[in-house]
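Written below as structure tokens is the structure these notes are about.
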Amino acid sequence: MKILFFCVAMHCTIVVYCQTYISPTIGIDYLKMESIRESHILHLIDNGYSNNSPIYGVKIKRIISKSIFISVASNYASKKVNADSDNFASIYGIKFNYIKNNLSFNYRLPNWFIGVGFSFNMLNNIRFILNNNNTFDSFTNNLTESDLRLSVGGIFKKFDLEFYYYSGLSSVNDKRGTLFLKPLASLGMQLSYNIKVLDKQRKEKRIKCPEF
Numbered sequence: 063m064k065i066l067f068f069c070v071a072m073h074c075t076i077v078v079y080c081q082t083y084i085s086p087t088i089g090i091d092y093l094k095m096e097s098i099r100e101s102h103i104l105h106l107i108d109n110g111y112s113n114n115s116p117i118y119g120v121k122i123k124r125i126i127s128k129s130i131f132i133s134v135a136s137n138y139a140s141k142k143v144n145a146d147s148d149n150f151a152s153i154y155g156i157k158f159n160y161i162k163n164n165l166s167f168n169y170r171l172p173n174w175f176i177g178v179g180f181s182f183n184m185l186n187n188i189r190f191i192l193n194n195n196n197t198f199d200s201f202t203n204n205l206t207e208s209d210l211r212l213s214v215g216g217i218f219k220k221f222d223l224e225f226y227y228y229s230g231l232s233s234v235n236d237k238r239g240t241l242f243l244k245p246l247a248s249l250g251m252q253l254s255y256n257i258k259v260l261d262k263q264r265k266e267k268r269i270k271c272p273e274f
């Protein structure tokens, strides 16, 4: 039985696709950030998906079959969210780096694809914005959050145009009491250019199984 399983497994490796692409990406991202409750330092003003910024990244796409591919991506955006404060320091917002790392499983139609996946994100270098547009360290720890990711897109020769939606799975709280946030959400679009780095290969060599 073990020999039979080994022979089947070896046959499967012969027909597996191994097309791999690496793709620089650029797009626009709309972030929704809302407080669970206001802190004694900061009151967020922006509502809905009003916070938009360019987003840049890189994606690796692995073709599994004619209709299935997996993508792994990392994206970066610089975010600025308007806020005010009752504190003696006149705070007009917060600024931070938003880094998204995601894994998606995608189903391809002739010129379209739909995907579902998960994302592990980080908010780092969080800084307060003062009335003179200077910034200073918020003394807030780097914050992490995880999202469910949904996407739909079109395929045009070497380009992918993707529309995505991220839905946060848990609240985001700073242990120092600066931010108490509802699960973050974001939507946007990005364009990627696919550069093939590994083509599919089909080995013709067959392994002959022993006869019983």
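In my numbering, the protein residues as written are 63 to 274. Where is the CB? At the ideal position from N, CA and C, for every residue including glycine.
Between K220 and N164, the gap from beta carbon to beta carbon reaches 8 Å or more.
The segment 175-183 makes contact with the segment 205-214; the number of CB pairs closer than 8 Å reaches 3 or more. Excluding residues up to 5 positions away in sequence, Y138 and M184 lie with their Cβ nearer than 6 Å to the Cβ of I161 in the same chain. Going by DSSP, I161 is part of the beta strand (DSSP E) stretching over I153 to R170. Residue nearest to R189 within the set K94, K142, Y111 and D91 is K142 (criterion: CA-CA distance). Rounded to the nearest whole angstrom, the CA to CA distance from Y169 to L243 is 33 Å.
Within 10 angstroms of the beta-carbon of G216 lie fewer than 16 other beta-carbons, which makes it exposed.
Between N187 and N144, the CB-CB gap reaches or exceeds 8 Å.
C-alpha of I88 to C-alpha of F225: approximately 12 Å in a straight line.
When DSSP reads this structure, L260 sits in a beta bridge with T82. Within the model, the alpha-carbon separation for K121 versus L223 is close to 13 Å. Nearest to Y111 by alpha-carbon distance, out of A247, M251 and F175, is A247. Here DSSP, grouped into helix, strand and coil, assigns N173 to coil.
Here E96 carries a coil assignment [DSSP, helix/strand/coil].
As the crow flies, the alpha-carbon of Y227 is around 30 Å from that of I153. In this model, N235 and L260 are separated by some 42 Å (Cα to Cα). A straight-line Cα-Cα distance of about 8 Å links L192 and F198. At the C-beta level, Y92 and L249 come within 8 Å of one another.
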